[in-house]
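Chemist: If you're matching positions, the sequence shown starts at -11 in the working numbering and goes up one per residue.
Pasting a structure here, questions to come.
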Amino acid sequence: MIVLKTAEELKKMRYAGLMTAKLLRYLGSKLEVNLSTLELNIMAEKWIAAHSLRSATLHYNGFPASICTSINDVVCHGIPKASDILQEGDIINIDVSLIANGYHGDTSKTFSIGRVHPEVANLVSRTKEALYRGIAAIQPGHRINVIGNAIQQYTQPFGYSIVRSLCGHGIGRKFHEEPMVLHAKERRKGVRMKVGMTFTIEPMINIGVSDVYIDPSDNWTVFTQDHKLSAQFEHTIAITETGVEILTLLEDS
Ligand code: MF3
Ligand code: CO
Ligand code: CO
């Protein structure tokens, strides 16, 4: 069942999205060589408490941290830890999901630490562009698979692959709602997009193969099968009469 949000609910979603985006910006400003992802998680926890919010990831299906931190060949769901220390040339995706007044916001970005290899810088900037191509494809009344089509059409010529086993999702009172939002071309066209729908788009784009595996030692961390790099960007969006509103966008980002 897809929950369409009322104008009142959309206001709450807007606030949740705004705060989620602000925390992501704050954490991004703290990144530096030698910082551990555990320290990043602690900063997030302090910020969340200071703003009287809640992390949606902490204890979600047993996830042990307030943010996800995914470095280099980690696709997503990386667990912050003291031994994950940022080095020049790394890329790190920080994924922030918050609950505010009962509604969820969810957004992530991949950041570069210092100077990164040009191939890596390209992966990051093109993955961001892929997200925006997906958003630009949205039109109320059209089927949701236009998003994955647009992302694949843009990323395929670079030789990249799109992770298919993880997708975007409806979001609202629940962290993960229907519909499923696929990031690549599919035979099934999916549902028609309707005013009041709120969902995430969060393409994970790999330099090498699209296959991934879950680290059996923690049952969370998703790695690329070939350990080549992966980047991801995520926004929470709402379908409105005029088209689409990005709920996790800050004016200056
Ligand atoms: N924020 C992730 C998403 O974009 C979900 C993380 S769930 C967790 O859907 F349990 F790994 F934190
Ligand atoms: Co999400
Ligand atoms: Co997320």
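Backbone N, C-alpha and C define an ideal beta-carbon position, used for all residues, glycine too.
For H39, which residues from the same chain have a beta carbon less than 7 Å from its beta carbon, with the 5 sequence-adjacent residues on both sides left out?
Modeler: M7
Chemist: F187 and A44 - do their beta-carbons sit closer together than 7 Å?
Modeler: Against a cut-off of 7 Å, the Cβ pair of F187 and A44 comes out as no contact.
Chemist: Measuring from the CB of D199, is there a heavy atom of ligand 2 at a distance below 6 Å?
Modeler: Outside the cutoff, so no.
Chemist: So, for L26: in the same chain, excluding its five sequence neighbours on each side, which residues have a beta-carbon less than 6 Å away from its beta-carbon?
Modeler: Answer for L26: P68, K69, A70, listed in chain order.
Chemist: Kindly list the residues whose CB is nearer than 7 Å to the CB of I234, restricted to its own chain and excluding five residues on each side of it in sequence; keep chain order.
Modeler: Within the same chain, I234 has close Cβ partners I123, H223, I225.
Chemist: Looking at D94 and ligand 2, is the gap between the Cβ and the nearest heavy atom below 6 Å?
Modeler: Yes.
Chemist: Going straight from the alpha carbon of L23 to that of G178, what length do you get?
Modeler: 42 Å
Chemist: Buried or exposed for Y142, going by 16 or more other Cβ atoms inside 10 Å?
Modeler: buried
Chemist: I225 bridges to which residues according to DSSP?
Modeler: F187, I234
Chemist: Considering just the uninterrupted stretch of the alpha helix (DSSP H) at N137, what are its terminal residues?
Modeler: 133 to 143
Chemist: Quick one, which of W208, N133, V232 has its alpha-carbon nearest G50's?
Modeler: W208
Chemist: Could you please give the first and the last residue of the uninterrupted beta strand (DSSP E) stretch that includes M168?
Modeler: For M168, the enclosing beta strand (DSSP E) starts and ends at 165 to 169.
Chemist: Rank N89, I55, A37 by C-alpha distance to the C-alpha of I80 and give the top, closest one.
Modeler: I55
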